[in-house]
Amino acid sequence: MSSQSANTSLLTPYQMGKFHLSHRVVLAPLTRQRSYGNVPQPHAILYYSQRASNGGLLITEATGVSDTAQGYPYTPGIWTKEQVEAWKPIVDAVHAKGGLFFCQIWHVGRVSNEGFQPDGQAPISCTDKPLTPQIRANGIDTAQFSPPRRLRTDEIPLVVNDFRLAARNAMEAGFDGVEIHGANGYLIEQFMKDKVNDRTDEYGGSLENRCRFALEIVEAIVKEIGADRVGFRISPFANYMESEDSNPKALGLYMAESLSKHGILYCHAIEPRMIKVGEKKECSDSLLPMRKAFTGTFIAAGGYDREDGDKAVMKGHADLVAFGRLFLANPDLPKRFELNAPLNKYHRDTFYISDPVVGYTDYPFLEEAM
Ligand code: FNR
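Residue 413 is where the sequence shown ends in the working numbering, and the numbering goes up by one at each step.
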């Protein structure tokens with residue numbers, strides 16, 4: 044570390060379980076929709092290795108656990124041999140730079156339509172309540188969602204098993220661990236949130252019942268790859284994809300306590316301020332009860348910059364801070380934070396285009412920008 048690193052606690056080392064991190068600036072999971080045919084492509088080697096640093100933690104874009112897990116074009120999966128093989132050189136490239144790499148494993152549930160589903164079937168969910176059509180991120184197209192099919196109780200273990208197999212595949216591909224995507228209105232969160240989950244079996248109703256699916260996935264994956272390689276992402280306060288909960292504090296706390304009981308490596312929580320458009324709170328303390336209840340590493344995300352990420356670490360509100368849009372646009376973000384250098388601006392209109400270069404690997408490094 045250079046002497047300038049003392050300027051920000053984000054640049055101090057941290058021991059996350061058995062993994063030694065040289066700084067606390069994490070690449071947040073970011074869907075980029077450049078995996079043609081649901082297979083990660085060689086251009087992802089450059090994209091992720093650009094963002095890798097010695098002792099820095101990267102999390103992959105959301106990666107499907109099965110052929111029913113998809114709801115967006117060109118998102119990667121990790122359920123076939125071909126996909127596992129395609130991830131290997133990407134993982135190797137991150138490791139070659141000394142980086143740590145976790146694979147975010149994902150099922151979209153009802154955030155899908157028949158066009159993405161095998162044999163044009165209905166997407167699966169905890170419910171049969173459909174989502175209303177939504178304007179896509181490009182501000183032009185409308186995403187259409189098919190009415191989902193409510194999973195029967197006896198089918199739920201099969202989906203849990205898909206997550207377990209995806210975690211096993213991630214180990215086969217060489218990842219250091221997996222992050223279970225329990226956030227942002229996708230399948231796991233559909234089960235957790237009471238505005239979506241209208242089940243009457245043991246997977247619906249009480250808080251414990253609604254979290255059962257999530258925790259069965261955690262348990263299965265812990266058994267498969269070990270608790271010291273498992274993270275969980277959660278967004279109790281968000282209402283993304285119509286996934287509201289009437290008591291997000293209780294949900295967050297219950298999950299933090301339960302994840303602790305499973306002894307998993309990290310809990311990755313998204314700040315409630317993400318839902319408050321145009322408002323930016325300083326070091327929001329709404330995640331604090333979860334932070335205190337969770338005994339492993341706590342990662343915070345959502346609207347952070349260098350200054351308030353630094354404060355979050357300094358005040359002990361988070362061990363690590365994940366950066367999404369800033370890291371997307373600044374491949375050398377930890378370096379720029381270290382030097383307190385100016386940042387590239389991100390371009391929202393290229394977040395989700397399928398181009399293998401534009402808006403993907405062409406954001407300049409510091410020395411190129413100056
Ligand atoms: C996201 N986000 C996201 N979250 C997640 O858990 N899995 C994913 O695949 C994605 N994909 C994704 C793509 C893009 C282009 C954006 C901008 C965001 C959410 C992301 O991880 C993060 O929580 C938010 O971006 C908020 O953090 P920042 O951007 O304010 O640092």
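Every residue, glycine too, gets a C-beta built ideally from N, C-alpha and C.
- CA-to-CA, the gap between phenylalanine 380 and serine 52 works out to about 10 Å.
- In this structure, the CA atom of alanine 384 is about 36 Å from the CA atom of alanine 299.
- In the structure shown, tyrosine 297 adopts helical secondary structure according to DSSP, grouped into three states.
- Of the candidates Ala129, Tyr57, Thr74 and Gly142, the residue whose Cα lies closest to the Cα of glutamine 93 is Gly142.
- Counting only the Cα atoms, valine 69 lies some 20 Å from arginine 391.
- CA-CA distance, proline 116 to phenylalanine 144, rounds to 24 Å.
- When Phe256, Pro176 and Asn252 are compared, the shortest CA-CA separation from arginine 207 is found for Phe256.
- Arginine 193 carries a strand assignment under DSSP once its states are collapsed to helix, strand and coil.
- The three-state secondary structure of glycine 120, taken from DSSP, is strand.
- Asp328 is the residue among Asp328, Met59, Gln147 and Pro200 whose C-alpha sits nearest the C-alpha of glycine 352.
- In chain order, Pro332, Met333 and Ala336 place their CB closer than 7 Å to the CB of leucine 296, counting only its own chain and leaving out the 5 sequence neighbours on each side.
- Contact between isoleucine 260 and valine 203 holds: CB atoms are separated by about 5 Å, below the 8 Å threshold.
- Straight through space, the alpha carbons of phenylalanine 159 and leucine 363 are spaced by roughly 35 Å.
- For phenylalanine 234, same chain residues with a beta-carbon under 7 Å away, outside a window of 5 residues either side, are Cys169, Asn240, Tyr246, Arg253, Phe256 and Ala257 in chain order.
- Between leucine 369 and aspartate 348, the beta carbon gap of about 7 Å places them in contact (Cβ cut-off 8 Å).
- Not one heavy atom of the ligand FNR is found less than 7 Å from the C-beta of glycine 99.
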